[in-house]
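Visitor: Numbering (the numbering used here), first residue to last: 1062 to 1131.
Ideal Cβ positions, reconstructed from N, Cα and C, are used throughout, including at glycine.
The structure's right below; bear with me while I get my questions together.
Here it is, written out as structure tokens:
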């Protein structure tokens, strides 16, 4: 999962791994190159110009309180 082209990080306060998500569309089966070629990536969320924090729950809204990472 870490080979998405941008650095992944763990938030210190909840230990949540922050990584981008992909919006995908199913390919027509006639266009599959192999059995794994099912989806086409439509977009990355958030866009590369935006922080990964934009898709995460803010600390003020979270009930998770863990010890900070060392």
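Which whole-angstrom value is the C-beta distance of residue 1100 and residue 1121, which I expect to be below 8 Å?
Guide: Start at 1 with the first residue of the chain shown, and residue 1100 comes out as number 39. Start at 1 with the first residue of the chain shown, and residue 1121 comes out as number 60. Actually they are not in contact, since the Cβ atoms of residue 1100 and residue 1121 sit about 35 Å apart, beyond 8 Å.
Visitor: Taking DSSP's pairing of strands, which residues face residue 1073 in a bridge?
Guide: Translated into the one-based positions of the chain shown, residue 1073 becomes position 12. In the DSSP output, where bridge partners are listed per residue, residue 1073 has none listed.
Visitor: Spatial neighbours of residue 1092 within its chain, please: C-beta separation below 7 Å, excluding the five flanking residues on both sides.
Guide: Taking the chain shown and counting its residues from 1, the one referred to as residue 1092 is at position 31. So no residue of the chain qualifies.
Visitor: Since I believe residue 1107 is in contact with residue 1081 (beta carbons under 8 Å), could you give me their beta-carbon distance rounded to a whole number of angstroms?
Guide: Locating residue 1081 in the chain shown gives position 20, where the first residue counts as 1. Locating residue 1107 in the chain shown gives position 46, where the first residue counts as 1. Taking C-beta atoms under 8 Å as the contact rule, residue 1081 and residue 1107 qualify, at a distance of about 7 Å.
Visitor: Since residue 1087 is in the beta strand (DSSP E), which residue starts that stretch and which ends it?
Guide: Against the chain shown, residue 1087 aligns to sequence position 26. Run containing residue 1087: 1082-1087, per the beta strand (DSSP E) assignment.
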